[in-house]
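**Student:** Numbering (our numbering), first residue to last: 1 to 118. Each residue gets a CB set at the ideal place from its N, CA and C atoms; glycine is no exception.
1. Report the CB separation of residue 50 from residue 26 in whole angstroms; it is logged as a contact under 8 Å.
2. Mapping DSSP to helix, strand and coil, what is residue 89?
3. With DSSP run on the structure shown, which of helix, strand or coil describes residue 49?
4. Rounding to the nearest angstrom, what Cα-Cα distance links residue 58 and residue 79 in this structure?
5. Between residue 91 and residue 40, is the Cβ-Cβ spacing less than 8 Å?
6. Tell me the residue span of the beta strand (DSSP E) that contains residue 104.
7. In three-state terms, what does DSSP make of residue 40?
8. Whole angstroms is fine: what's the gap from residue 105's alpha carbon to residue 62's?
9. Reducing DSSP to helix, strand and coil, say where residue 11 ends up.
10. How big is the Cα-Cα spacing for residue 35 and residue 48?
11. So which of 97, 118, 107, 68 has the shortest CA-CA distance to residue 52?
12. For the candidate residues 18, 23, 64, whose alpha-carbon lies nearest to that of residue 103?
The following block contains the structure:
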C-alpha cells in the first residue's frame, strides 16, 4: 500500500529506486485532524512526504498571532523543512494536520546522499 501511494503521488519526481529507499528508511505516520506534526522550536530532523490529507504550515507574528503560510496536500513536501534540515536549525514554523493525514517522514541525513545519487 505504501509503495503504491508513493509511486502514484511521487513517481513524476522520484525514480523507482529512490522510492524503494524511501520505503526502507522512511517512517509512515498518521496524524489526526488538529494534531501537531511540527512545533515552533522543534529540530528539523525529518522531511514529510504527504500521502493523504492536508497539513497547515504557519508561523507566529510578533504579537503571537498565527499567520498561515501554506497548506501541504497529497504529493507535496515542505520546502521549509527541506532547507532547515540542511542547516540543522530549529523550526520557526508549525505544522498541524488540517484533516486526518498520512505522511512518510524521511530522515534529513539521507537528503545529501540522495541528492547526489538521484
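**Tutor:** Looking at the atomic coordinates:
1. Contact flag wrong, Cβ pair sits at about 12 Å.
2. Of the three classes helix, strand and coil, the one that applies to residue 89 here is coil, per DSSP.
3. The answer is strand: DSSP assigns residue 49 an E or B state.
4. Straight through space, the alpha carbons of residue 79 and residue 58 are spaced by roughly 13 Å.
5. In this structure, residue 91 lies near residue 40, with their beta-carbon atoms less than 8 Å apart.
6. Counting along the chain, residue 104 sits inside the beta strand (DSSP E) bounded by residues 101-107.
7. Three-state DSSP puts residue 40 in coil, outside helix and strand.
8. Residue 105 and residue 62: Cα-Cα distance of roughly 30 Å.
9. Looking at residue 11 - three-state DSSP - the assignment turns out to be coil, as it is neither helix nor strand.
10. C-alpha separation (whole angstroms): 15 Å.
11. Put simply, of 97, 118, 107, 68 the residue whose alpha carbon is nearest the alpha carbon of residue 52 is 97.
12. Sorting 18, 23, 64 by C-alpha distance to the C-alpha of residue 103 places 23 at the top.
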